[in-house]
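This report refers to the structure that appears directly beneath it.
Protein chains: 2
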Amino acid sequence: MKIFAVQMDVVPGRPDLNFKTIQKYIVEAKAQKADLAVFPEMCIPGYLISDLWEETTFVSECLSINDKVTALADGIDILFGSVARENVNGENGRPLLYNAAYYASQGNLQPLVQFEDHVKYFLPKTLLPCYREFDEPRYFSDLRALAMKWGTTLENILKPYRLRGGIQLGITICEDGWDANAYAHPFDILGLQMGPRDLFINISCSPYTLGKTKARNRVFSHHAKQHRIPLLYLNSVGTQNNGKNIYAFEGDSCVYGSEGDTLFSFPTFEPYAATLTVDDSVHCPIPSFEKLTGMAEVRAALVYMIRENLKRWGIRRVVIGASGGIDSAVSAVLYSDALGAENVFLVNMPTRFNSDTTKNAARDLADNLGCPYMVAPITDVIESLRLSLAKDSFVRNDTKMIVEGIHYENVQARMRSGAFLATIASVVGGAFTCNGNKSEIFVGYCTLYGDTSGVLCALGDLWKVQVYELAREINKQGEIIPQKSIDIPASAELSEAQNVDEGKGDPIIYPYHDKLFSYWLERWNRNGLSDSIHALKTGTLCSDIDFSESRFREIFPDDSLAVLDMELWWKRYQGIALAKRIQMPPILSVSRRAFGFDYRESQMGR
Amino acid sequence: MKIFAVQMDVVPGRPDLNFKTIQKYIVEAKAQKADLAVFPEMCIPGYLISDLWEETTFVSECLSINDKVTALADGIDILFGSVARENVNGENGRPLLYNAAYYASQGNLQPLVQFEDHVKYFLPKTLLPCYREFDEPRYFSDLRALAMKWGTTLENILKPYRLRGGIQLGITICEDGWDANAYAHPFDILGLQMGPRDLFINISCSPYTLGKTKARNRVFSHHAKQHRIPLLYLNSVGTQNNGKNIYAFEGDSCVYGSEGDTLFSFPTFEPYAATLTVDDSVHCPIPSFEKLTGMAEVRAALVYMIRENLKRWGIRRVVIGASGGIDSAVSAVLYSDALGAENVFLVNMPTRFNSDTTKNAARDLADNLGCPYMVAPITDVIESLRLSLAKDSFVRNDTKMIVEGIHYENVQARMRSGAFLATIASVVGGAFTCNGNKSEIFVGYCTLYGDTSGVLCALGDLWKVQVYELAREINKQGEIIPQKSIDIPASAELSEAQNVDEGKGDPIIYPYHDKLFSYWLERWNRNGLSDSIHALKTGTLCSDIDFSESRFREIFPDDSLAVLDMELWWKRYQGIALAKRIQMPPILSVSRRAFGFDYRESQMGR
């Protein structure tokens, strides 16, 4: 039999557009004489659509598109993922919804779940993720709940779907395969009912994270090998978001053979469709796609998200404050990749605290990339503000409006973003960017309405050490990012105390703090301040965070200094930094713990 | 028997502080010779603590505080709510947690759930809310899952707790009482096993919303009346948040008699404790607390949240941009209520577009309240920016940096917030406020890094018509808010086209748009653009949104104009306005659908 597998670009919230895409692929599938076309999870509504699931008319629209897709199943069968709705309310008082798979044949949906006199013409997902950015139980019921409602067990209703030719399809949806911690195991239930000439199909809408490919290969090749049944893993591409976090869906669909080996895989970050032939094994005439790894893969994910999101929002140009430092340089490269260098406007905004080193680095970066470039000194405007305020005074309070010291430092950052970049972006017809990284965002080493501002935060899910790695990855093709941007200490250059030519800069010690912060943020059972202090006192900290013991001792000659340092950063992380994060732009998310809606925080001032 | 009921001020994330509070109350309870002290749901960890539940050491700390509270149960019994943990993992791969009730007696926790050879020394919550700001299934398992694990039913393990004296307590936790849409009904299960001399106790940690008191009285008085059993509803006070939304917990604990009548109730928005005597009925020697309603209640909630949050964050002073308009005036009153007028710095920042009318209104407001007041003209600084940019130009692009029209409008707003207010706040040692209302936020009629900025958004969950109502409520005590701020049209005064003296102002038509926007946002089964167009075409729109048909016809002589208007605002609501909301400060939440983490949105540009 021939299966036309579609790694589809799913547009969230736009069933109308997704239908057009499906329609186009069905024409192609028929031309290729496929018996079955397979589309990803939630390919009609989209997946990360937040509370849009509560809009009754939207769900109705999706259901009517389900019907239209079903009508296309004429001379070809269609397996697709979409929303299902029942005529009863869920416990939230709204109509009961499922994240479901549908099988259409000869213009009709086929029964996929049956028990006694009950029947459903769709298959609900069994496992609903409810962690990180996933909130499925907020919106959907599942197959286990359906079994319970029918007074039976999951094992009695989760069955492979038998095709006319006799082949059985073991259909699962995304999380159903990621069952390591789950109490139920859909692949095992199905596998016991299937044979070596059958086929597992997992339809997914699964966002990219660094390191996921490896984990995914491990998980799904295990299912195939365990049951000696080949497995088609079909993921979508595109970009979806939940407001605070933007995700790329990498596609990278593939087929695992019955030995758990990867037979072939689709490309990454682009739509693709191919015809697979299933007989004693699964065959596919597709070329071998070169896969990126590590920082090259991260770069591709970031550029993909920038390009697709700005296109969706109608933004063709961006303005970037180019300080001569590493973050804005890496940002400039990513946006140039996405929009073309001619649409990336670099602006260097010096005061007397900015060194020739960084000013030259900013200019060199622009020249290397071919971006429009401008130097816009900001001192006159700040002076105008300082003088203007010096003339003002309050009635009923005698505080003098003297702008100096820390007040003067922060006003520089806010003038750059709110006054200059926003206005320049407005005039050139575009948006400006936020170039903050995860380390700065972690401790709030940034100014609200200053460098925290922008339309997108491209590097917000990368630790500073990863930004350096990405810079080195970029420069593999030749020096695009000026070497001096990489070599100088990271610095905000907001005062004499941050003079890069004297080797002065940020108070964050890289990579030690990155590793400590990751230990606090990114472990599945998360660590707190007391855990790090305990680890220090019991001598396991350096090995726990994978940091050199000797370098640690150079930084902190004794433990009490290390504790003080931890307490200082912890307090910022939980306090002022969180207040800033709440008001930050969407973060392009690539880790397994991104600030925003993945990692959810309350302001408690702990 | 005597029950000491504690409407406790729960500090989220601070089991150490909550323990001190409990300790103090136990001393008082013993002095009053109470048999039992009752504390609210999650009174040790706090409730809205986001992903802090994942921090293993934090949960361990809570469990050790549970033990310390248990140890206090010496000569008195203690019923309290806290987290429980099992030595197995949940489906998220982390230790299984419950939102639980504990009963401590003679220094030991008592068994509250038993079946065959299973026993738990805590009672898990049965119903876990998973809508609006509630995410309990993300963190907790529940009593139904426990019953299933034990191979039995909820009915077999949910039992009243029998005291030594024979009285049975039917213990439930918060949502267990709000069971209208639920598939299980804890009060009914318990009620069937109880008699008229027994007592229901619902321990809650339930946030305030406008209209909730009425709904809560209906729901809980029904349970009491249905089973002819009195009911103690014990809620906490304090303020908790999830980052984007701040909530007040109103307390307002009360006892319903077996006829469903409210026997007495505790005060609102303040901690309180009282001894109840339970014999044939429930008695309490507390005075009758006057309850606020409507906008007076909203004012109290807002002031409570401002005061408690700013105190927690160490902010004693705020700076408010006083435009002479209604929003900043109402904000100034609320912050003055919370911090004292001497700590509320009002700054009027005129350009040539600001009328004497509004400038005088701002000054009069400051005089009426007794706030420090300053006029800080911003034109010189804007001119400095305009002239500075006019000198600049890009290499590789010939766009001229001419700041006029819409560019000039928005730079005014950003200068006010980012340059002036932020700097003034920094100098006086405080924060500045965001005064936006829900109508503006809905359609993004505000400038990012301008008037969307600030430490808190106090009016962000009130429609413009509600801001006017609140202003009138405030002025019941005499003219605090200048009448002209109420009488002039709402206007941003950013251009000649917004001249208030000529009756010009915002493009939003109040109250029609408020009602349309509410129809789109606040219905439980939410409406979309197509629903409103359909309602218009079928002639039900005005009745659906409760708006005058004749006034509607004055605004829109024909339907096509109304449709165009809907399409315009819908597009802004889903597009640019959402982009702004993502970067807005925390909103003080008082409705049943607040922007932020209550109503979750993806940027899809639908």
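Just so you know, the protein sequences line up as chains A and B, in that order.
Under this note's numbering, the residue at position 276 of the first sequence is numbered 276, and the numbers go up by one with no gaps.
Just remember that this note's numbering sits 1000 ahead of the position in the second sequence, which is counted from 1.
Note that the Cβ used here is the ideal one computed from N, Cα and C, for glycine as well.
- Counting only residues of its own chain and dropping the five nearest sequence neighbours on each side, A/D531 has no CB closer than 6 Å to any other CB.
- Residues of the stretch 1234-1246 of chain B with a C-beta atom less than 9 Å from some C-beta of chain A are Q1240, N1241, N1242, G1243, K1244, I1246, listed in chain order.
- Against chain B, a Cβ distance below 9 Å from A/N89 picks out N1181.
- Proximity of the stretch 190-206 of chain A to the stretch 37-49 of chain A meets the contact definition, three or more beta-carbon pairs being nearer than 8 Å.
- Put simply, the stretch 445-453 of chain A does not touch the stretch 276-296 of chain A. Fewer than three CB pairs are less than 8 Å apart.
- Between A/S495 and A/F353, the CB-CB gap stays under 8 Å.
- Considering only A/Y256, A/L63, A/E308, A/K391, the residue with the shortest C-alpha distance to A/F122 is A/L63.
- A residue is called buried once 16 or more other Cβ atoms fall within 10 Å of its Cβ, and B/Q1106, having fewer, is exposed.
- According to DSSP, residue pairing for A/C457 in a beta bridge involves A/C434, A/I587.
- Distance from the CA atom of B/N1410 to the CA atom of A/D364, rounded to whole angstroms, is 32 Å.
- In this structure, the straight-line span from the alpha carbon of B/G1503 to that of B/P1489 is close to 6 Å.
- Going by C-alpha positions, A/G454 is about 9 Å away from A/P586.
- Counting only Cβ-Cβ distances below 7 Å, B/S1204 has no contacts in chain A at all, with the closest Cβ about 18 Å away.
- With distances taken between CA atoms, A/R592 lies nearest to A/L462 out of A/L462, A/I508, A/S485, A/L578.
- Per the Cβ contact rule, the stretch 316-336 of chain A is in contact with the stretch 477-488 of chain A (3 or more Cβ pairs under 8 Å).
- In this structure, DSSP gives B/N1499 a state outside helix and strand, which the three-state scheme calls coil.
- Residue environment analysis places A/Q583 among the buried positions, since at least 16 neighbouring C-beta atoms fall within 10 angstroms of its C-beta.
- Under the three-state reduction of DSSP, A/V237 is assigned to strand.
- Positions of the alpha helix (DSSP H) runs, each at least 4 residues long and wholly inside the stretch 1511-1585 of chain B, are given as 1512-1521, 1529-1537, 1541-1545, 1549-1555, 1559-1574, 1576-1582 in order along the chain.
- In its chain, beyond the 5 residues on either side, G1575 have a beta carbon closer than 6 Å to the beta carbon of B/G1605.
- Close partners of B/C1446 in chain A (Cβ separation under 8 Å) are lacking, with about 14 Å as the shortest Cβ gap.
- With fewer than 16 other Cβ atoms inside 10 Å of its own Cβ, B/V1119 counts as exposed.
- Annotated as distal: B/F1394 and B/C1371, with beta-carbon spacing of 8 Å or more.
- Following the DSSP letters along the chain, one finds A/M374 inside the beta strand (DSSP E) bounded by residues 373-375.
- Restricting attention to alpha helix (DSSP H) runs no shorter than 4 residues, the stretch 6-58 of chain A encloses them at 15-31, ordered along the chain.
- The beta carbon of A/I49 lies closer than 7 Å to those of P12, G13 in the same chain, with the five residues before and after it left out.
- At a cut-off of 8 Å between beta-carbon atoms, B/V1006 makes no contact with chain A.
- Under DSSP, A/Q114 forms a beta bridge with A/V119.
- Here the alpha carbon of B/A1034 sits roughly 22 Å from the alpha carbon of B/P1111.
- For the C-beta of A/Y373, the chain B residues within less than 9 Å are, from N- to C-terminus, F1394, V1395, R1396, N1397.
- Of all alpha-carbon atoms in B/A1005, B/V1069, B/L1561, the one lying nearest the alpha-carbon of B/D1016 is that of B/V1069.
- At a beta-carbon threshold of 8 Å, none of the residues of chain B lie near A/N499; the nearest stands roughly 23 Å away.
- Under the Cβ distance rule, A/Q412 does not count among the residues neighbouring chain B, no pair being separated by less than 8 Å.
- Looking only at A/I382, A/T423, A/I22, the smallest Cα-Cα distance to B/T1399 is reached by A/T423.
- Pairing B/V1255 with B/F1264 gives a Cβ-Cβ distance under 8 Å.
- DSSP places A/N217 in the uninterrupted alpha helix (DSSP H) bounded by 212-227.
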